[in-house]
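Asks: The structure that follows is given in the form of structure tokens.
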Amino acid sequence: MVVVFGRQFTTLGRVGTSHQFLRDGVVSSLMPPESLDRPAEKPFRDLVEERAVTREGAAWLLAARVNQQVSYGQVLERASDWANVFSSVGLRDGDRVGLLVSDPLKFGTCFVSALAYGLWVAPFDPTLDYPSSQTLDERAARLQLNAVVSDRAAPMALSTTWIDLRDGFSGDTVSDDTPSPIGGGVILATSGTTGTPKIMALPVTQLVYVADLIARHNELTTVDRGFNPLPLWHVNAEVVALLATFLSGSSLVLDDGFHRTDFWSLMDRLEVTWINAVPAIISRLVTRHGDEAVPRRVRFIRSASAPLSGPLLEAFEAQTDIVVVESYGMTEAASQICANPLRGPRKRGSVGPAVGVQLRVIASPISSRADAHPPGHVEIRGASVIKRYEGDGYEDRFDAHGWLRTGDLGYLDEDNYLFLVGRSDDVIN
């Protein structure tokens, strides 16, 4: 049996309603064709320029532990500086660069600048010790990188072009008449611990599409201020935190990790209104330390990357009076597939309905017909989903109609809320 998911959806101001029908004993729910339209593919550099005008002096990024910030106007200045640097080393629209940067504010600024220049960015984990130039050269070759941008010295005998951001900005000035680049995006790879690493190229249009959906779903406005302690070299922080904040014109506090000590007083002092988190963080926050108070201005905490138990969710909301928005996503979908509504039913044990993506569950032929909601393979497709992996292998994950098998098992209830029950390969995602 095939159950195809569709729901009320929002894409750049358009709202539509799904339609249900019965055909040959297969219950389906399909979104109207117009729901599959991509947003206007405006060059990302144009978005950077617009934010510099509309939010010029407003802060985009703030450091959690030191008095540092980057305004929207400064982002445009840095993007212009970086364009000169990229041009001076021969990088062009569509080239690929690794990003090995420890400082969160510098990472965010360089990340956006590279996208504005039309580059593909491959973020590296700066907490790892890359033991040799050979290790970096091998990774650069695997990801087809033209250069690496870093805030550390280049290893000896490295053959890959190294751009040390500590050297400051230099190079020939790029003409303002240069056409806005339309390429670029993010290159991400799995660890490969369970097989050949999967390499994914997420175009900037896909990233912007998902970030816009997240900003709208979370009702972000210019008065909001998020807090992100999650690693910036993962797609979650890049799209949910950096880009969703940028598109909404709001501000974002970046920390180098989660620190429980004086957490709520820090949220109060920084005037945070929402938190980007994972269940492990929520489990640390459910118990208060001493007489610490939870700031009333924090309106929700977003949970992703791992299952959140029902008792923990309920205990956290009861203790803090903060809404928990549990979500589900994967790198192949630029971070988000489903999310519980900010306003409305948030079902215990469910990751919510799909947001801006088509989702279906292919139930096993041996599932009992007595099952009201038979579990099966979760599959997705749409503007937020990749069409292929780079290189050979994993072609069987896609069918002829573009459906991607996520590897997750689950079922949809009568309200089209997704409940996950496990992995088809017994590997935790």
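Residues 173 to 601 in our numbering are what the sequence shown spells out, letter by letter. Ideal Cβ positions, reconstructed from N, Cα and C, are used throughout, including at glycine. All values reported here derive from a predicted model rather than from experimental measurement.
Quick one: Cα of alanine 212 to Cα of leucine 419, how far?
Replies: With a pLDDT of 46 at alanine 212, under the threshold of 50, the modelled position of that residue is not reliable, and the figure given next carries that caveat. If you take the alpha carbons of alanine 212 and leucine 419, they lie about 14 angstroms apart.
Asks: Just to confirm, are isoleucine 386 and valine 412 a CB contact at a threshold of 7 angstroms?
Replies: yes
Asks: Cα separation between aspartate 580 and glycine 229?
Replies: 44 angstroms
Asks: Does DSSP classify asparagine 616 as helix, strand or coil?
Replies: The question about residue 616 has no answer here: the residues shown for the chain are numbered 173 through 601.
Asks: Within this structure, are the beta carbons of threonine 307 and valine 320 separated by less than 7 angstroms?
Replies: no
Asks: Using a Cβ-Cβ cut-off of 6 angstroms (strictly less than) and excluding sequence neighbours within five positions of aspartate 384, which residues of its own chain qualify?
Replies: Excluding sequence neighbours, aspartate 384 sits near Leu419.
Asks: On the DSSP bridge assignment, give the partners of cysteine 510 in chain order.
Replies: Tyr500 and Ala526
Asks: Can you tell me where the beta strand (DSSP E) holding methionine 372 begins and where it ends?
Replies: 371-375
Asks: Determine the extent of the alpha helix (DSSP H) in which tyrosine 244 is found, giving its start and end residues.
Replies: 244-260
Asks: So, using beta-carbon positions, are proline 295 and leucine 315 closer together than 7 angstroms?
Replies: no
Asks: Note down the Cα distance separating aspartate 568 from arginine 471, rounded to an integer number of angstroms.
Replies: 42 angstroms
Asks: Checking 7 angstroms against the spacing of the C-beta atoms, do valine 382 and glutamine 508 come in under that value?
Replies: yes
Asks: Considering Cα atoms alone, identify which of Tyr302, Pro517 and Asp571 is closest to aspartate 587.
Replies: Nearest to aspartate 587 by C-alpha distance, out of Tyr302, Pro517 and Asp571, is Pro517.
Asks: Tell me whether proline 303 is buried or exposed, calling it buried when 16 or more other Cβ atoms sit within 10 Å of its Cβ.
Replies: exposed
Asks: Between the Cα of lysine 214 and the Cα atoms of Ala329, Gly290 and Arg460, which residue gives the shortest distance?
Replies: Gly290
Asks: Going by beta carbon distance, what residues of the same chain come within less than 6 angstroms of alanine 236, once the five residues before and after it are set aside?
Replies: Only Val425 and Asp427 meet the Cβ criterion.
Asks: Using a Cβ-Cβ cutoff of less than 6 angstroms, which residues in the same chain neighbour isoleucine 558 once the five nearest sequence positions on both sides are dropped?
Replies: Met372 and Glu504
Asks: Would you tell me roughly how many angstroms separate the C-alpha atoms of valine 257 and aspartate 323, rounded to the nearest one?
Replies: 14 angstroms
Asks: Excluding five sequence neighbours on each side, which residues of the same chain lie with their C-beta closer than 6 angstroms to the C-beta of phenylalanine 279?
Replies: Within the same chain, phenylalanine 279 has close Cβ partners Val273 and Leu404.
Asks: Exposed or buried, asparagine 239, counting other C-beta atoms within 10 Å across all chains shown (16 or more means buried)?
Replies: Residue burial annotation: asparagine 239 is exposed, with fewer than 16 other C-beta atoms found within 10 angstroms of its C-beta.
Asks: Quick one: grab the DSSP three-state call for glutamate 206.
Replies: Its pLDDT being 34, under 50, glutamate 206 is placed unreliably by the model, and the measurement read from it follows with that caveat. If DSSP states are grouped into helix, strand and coil, glutamate 206 belongs with the helices.
Asks: Which residue spans inside the segment 286-341 form an unbroken beta strand (DSSP E) run of at least 3?
Replies: 292-295, 319-322 and 333-336
Asks: So the beta strand (DSSP E) valine 269 belongs to, where does it begin and stop?
Replies: 268-272
Asks: Give me the residue from Val533, Gly356 and Leu442 with the minimum Cα distance to proline 547.
Replies: That would be Val533, whose Cα lies nearest to the Cα of proline 547.
Asks: Starting from threonine 578 and walking both ways along the beta strand (DSSP E), at which residues does that stretch end?
Replies: 576-584
Asks: Thinking C-alpha only, which one of Leu415, Ile552 and Ala329 is nearest glycine 357?
Replies: Comparing Cα-Cα distances from glycine 357 to each of Leu415, Ile552 and Ala329, the minimum goes to Leu415.
Asks: As a quick exercise: from Ala452, Val495 and Leu480, pick the residue whose alpha carbon is nearest that of arginine 469.
Replies: Val495
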